[in-house]
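Residues 109 to 246, numbered by this note's numbering, are exactly what the sequence shown covers, in order. Structure record follows, encoded as structure tokens.
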Amino acid sequence: MASILTAAAARACVLLAGAGSVATGQVPGAASPRTVTVRMIDQGPYGMAFDPTRVTVHHGDTVQFVQAGNLPHNVAFKSVPTASNLGALRVGPLLTVRGETFAIVIDGRFAVGKHVYVCPPHEVLGMAGIVYVVDGPE
Ligand SMILES: [Cu+2]
109 MASILTAAAA
119 RACVLLAGAG
129 SVATGQVPGA
139 ASPRTVTVRM
149 IDQGPYGMAF
159 DPTRVTVHHG
169 DTVQFVQAGN
179 LPHNVAFKSV
189 PTASNLGALR
199 VGPLLTVRGE
209 TFAIVIDGRF
219 AVGKHVYVCP
229 PHEVLGMAGI
239 VYVVDGPE
């Protein structure tokens with residue numbers, strides 16, 4: 109009797125585990141956090157660029173900037189929604205070594221909307237980008 113109950117309980121656990129993995133991976137609108145990579149490159153029409161120039165993210169996602177060039181680059185937010193409160197995130201560190209990264213978690217400091225940033229040393233060359241923060245499913 110006891111062994112039958114144990115087997116039934118084990119089957120129930122397997123079913124629950126299966127349902128859990130489906131829920132986190134497949135249900136539309138329940139996307140798990142993503143990491144979006146933006147490369148800082150010494151290329152593009154004006155010599156310096158963020159690649160891609162525009163990314164769209166949800167709260168919980170991470171935007172990871174990667175130094176992929178030879179000149180120092182950084183990220184400074186220039187125009188953000190009024191409700192955003194970036195604090196110390198407003199100006200990131202200067203990345204000087206190829207492969208160096210700077211990751212930003214899109215948390216409550218970021219309001220929904222358009223966040224325009226530049227690389228201050230190369231702003232005059234058009235090195236700029238946009239992080240769009242959206243809610244809900246893509
Ligand atoms: Cu730059």
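Using N, Cα and C, we set each Cβ at its ideal position, and we do this for glycine too.
Beta-carbon proximity of residue i to residue j, cut-off 8 Å
i: H167; j: Q175; result: no
i: M156; j: L233; result: yes
i: V188; j: V220; result: no
Residue span of the beta strand (DSSP E) that contains residue i, given as start and end
i: Q151; result: Element bounds for Q151: n/a, residue is neither H nor E.
i: R162; result: R162 to H166
i: F185; result: A184 to S187
Per-residue burial, residue i [other beta carbons within 10 Å of its own, 16 or more giving buried]
i: D215; result: exposed
i: A236; result: buried
i: V226; result: buried
i: G177; result: buried
i: V239; result: buried
Distance between beta carbons of residue j and residue i, contact taken as under 8 Å
i: V144; j: V183; result: Not quite, the Cβ-Cβ distance comes to about 13 Å (not below 8 Å), so this is no contact.
Check: residue i C-beta below 7 Å from any heavy atom of ligand 1
i: P201; result: no
i: P153; result: no
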